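Structure first, then comments.
2 protein chains.
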Amino acid sequence: MILRTSHSSPFGRKVKLLAIHCGLMGRIHVEPANTRNPDDSFHTQNPLGKIPVLVLDSGVCIFDSHVICEYLDSLNQGTKLFPQGPERWGALTLAALSDGLMEASLLQVYEKRYRPENKQFEGWIKMQANKVSNGLEVLENNIPQIEQSPHIGHLGLACALGYLDFRFNGNWRKKYTNLEEWLKQFSNLVPAYSATLPTD
Amino acid sequence: MILRTSHSSPFGRKVKLLAIHCGLMGRIHVEPANTRNPDDSFHTQNPLGKIPVLVLDSGVCIFDSHVICEYLDSLNQGTKLFPQGPERWGALTLAALSDGLMEASLLQVYEKRYRPENKQFEGWIKMQANKVSNGLEVLENNIPQIEQSPHIGHLGLACALGYLDFRFNGNWRKKYTNLEEWLKQFSNLVPAYSATLPTD
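Residue numbers (the working numbering), protein chains in the order written: chain A, 1 to 200; chain X, 201 to 400.
Structural data, given as C-alpha cells:
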C-alpha cells in the first residue's frame, strides 16, 4: 500500500500513528505529497486535493483519514481501535471532535497560506480559534480516559493537540493542564506519538 | 432522540434522508438549530458549533453527520447502508468524497456569509470551486452504480448534488449529464430525497 501524505499534515499523522501502533507500517510505503504543487499526482488520487490518500495494491484509492484508519484497523490483528460495541459512538464522536479541531486549526493556517494579506480577516480566524478553544474547554473538563487501550478518538485528539503544538506554539498548554497531562500519558502509552512529530 | 439541524444544511439533510429511508424518523424529533445565533444550545451540544448533532435520550450527543448516520444505521432493521463486507471501503470513500464536495461548497457560501465584501477573495472561492468540479468530473466518468439498494455514499452524493442545486443554481447539470441522470434515478429510488429538499 502507498500512503500519500506530508510531514506536517495532522490527518496524515493520525494514519501513521495508527499504522505504527497496529504494526502495519511495514506494509505501507509513504510517498510524500506536495500539497502546494497542483501537478502532484495525489490530486488525481483524491479529486478534492486533500491528503492523506491510501493507494491499495489494486490501485483503488481510499480516503479521507477516518476511512483510511478504519480500513487499516480492519487489517489489524491486535486490539481494534474502532470499537464494535456501544462504546463505538463515544469513540467516533471524539474522533469527529478531534478532526474538527484539526480542521479549524488548519483553516487558520490556510488563512495566511492561501490569501494575500489584505484579504485575511481576523473575524474568520477568531471564529475558527473559538471552535478550538470551545472544544478544548469541554475536553479539559471531561478528560477522555483511556480504559485498557487507546481507541481512534484518543489517537485523533493526540494529533489535534500535537498540531496545536506545531503551528500554534503549544499555547493551549498554559490553560488546559488536564489535557497536557493526558497527552503526556498518551505519548507514554503510544510510543508512535513521539515517532511521528510533524515537520515542515 | 433529538436531531439538531437546519433546513438548509446538506449534512443535516443526509441524516434525515437516511432516517426516513430506514423508517427511523418516527423516533426522531427534529429541533431546528439557528447557526447564526451564538447562544443557540447546539453550540454546547457540539463545541465545534456545527450541525447536525443527535442528542440521545440519555443526553449523550453524537456528531458529526457521518457518525450519526452510522449510529442510526445500527438501529436500522432493514438493509444496512453501511456495508460490512469489502464493499464498505468504496462506499465510505464515496461518502467522504461527497462530504468533501459539501464542505467545499459550504466554504464558498461562508466566504460571503462570514466576511465583509472587501475581505472576500476570489482565489479562495476558485480553489474550493475547483475541488467541486474535479470531484464531479471524476464521478461523471465513474458513475457510482446502485447495485440492489443505495449505500451511505449514494446518499451523500445525492445531498451534495442537491446542495449545488440549492446554492449554485444547479449549474452543474449543464456539464455533468451522467450525474444528472444518476440523481434522477436516485430520487426515484429514494422518495425521501424529494421530501427533504433544502430551504432557507
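We treat Cβ as the ideally placed atom computed from N, Cα and C, and that holds for glycine. Remember, it's a predicted structure, so these values are computed and weren't measured experimentally.
Quick one: give me the first and last residue of the alpha helix (DSSP H) that A/L139 is part of.
-> E122 to E140
Looking at the unbroken beta strand (DSSP E) that takes in X/T205, where does it start and where does it end?
-> I202 to T205
Is X/L254 helix, strand or coil when you go by DSSP?
-> strand
Report back the beta-carbon spacing between A/V67 and X/T293 to the nearest angstrom; my notes put them in contact at under 8 Å.
-> The beta-carbon distance between A/V67 and X/T293, rounded to whole angstroms, is 6 Å. This is short enough to meet the 8 Å contact definition.
If you count every other CB in all the chains shown that lies within 10 Å of the CB of A/L56, and 16 or more means buried, which is it?
-> exposed
X/A358 beta carbon near the ligand SAH (any heavy atom closer than 7 Å) = Absent from the structure shown: the ligand SAH. Ligands present: none.
Between the CA atoms of A/D39 and A/Q145 - distance to the nearest angstrom = 43 Å
Please confirm if the region 331-343 of chain X is in contact with the region 359-376 of chain X, defined as three or more CB-CB distances below 8 Å between the two stretches.
-> yes
Using a cut-off of 8 Å between C-beta atoms, extract the partners of A/E137 located in chain X.
-> P247
Hey, quick one: how far does the beta strand (DSSP E) through X/P232 stretch, first residue to last?
-> H229 to P232
Any chain X beta carbon closer than 8 Å to A/N178 = no
Show which residues of chain A have a CB atom less than 7 Å away from the CB atom of X/M327.
-> Near X/M327 (Cβ distances below 7 Å), the residues of chain A are Y114.
Beta carbon of X/K331 nearer than 8 Å to that of A/G100 | The beta carbons of X/K331 and A/G100 sit no closer together than 8 Å.
Quick one: grab the DSSP three-state call for A/I62.
-> Residue state, collapsed to three classes: strand.
What number of angstroms, rounded off, separates the C-alpha of X/Y314 from the C-alpha of X/S394?
-> Going by the C-alpha atoms only, they are around 30 Å apart.
Decide if A/V60 is buried, meaning its Cβ has at least 16 other Cβ atoms within 10 Å, or exposed.
-> exposed
For X/V215, go through chain A and note every residue whose CB falls closer than 8 Å to its CB, in chain order.
-> Within 8 Å Cβ-Cβ: nothing; X/V215 doesn't reach chain A, min ~13 Å.
Can we say the region 356-365 of chain X touches the region 147-162 of chain A, given the rule of at least three CB pairs closer than 8 Å?
-> no
Roughly how many whole angstroms lie between the Cα atoms of A/M127 and X/K319?
-> CA-to-CA, the gap between A/M127 and X/K319 works out to about 15 Å.
Where X/E270 falls, given that 16 or more other Cβ within 10 Å makes a residue buried | buried
Can you tell which of A/R4, A/V15, A/L3 and A/M1 has its C-alpha closest to the C-alpha of A/T196?
-> A/V15
X/T293 CB to nearest chain A CB: under 8 Å?
-> yes
Apart from the five residues just before and just after X/V253, which ones in its own chain have a Cβ nearer than 6 Å to its Cβ?
-> R204, F242, Q245, N246, C261 and F263
Three-state class that DSSP yields for A/K80 in the structure shown = coil
Contacts that X/L297 makes with chain A (C-beta to C-beta distance below 9 Å) = N46, P47, L48, F63 and D64
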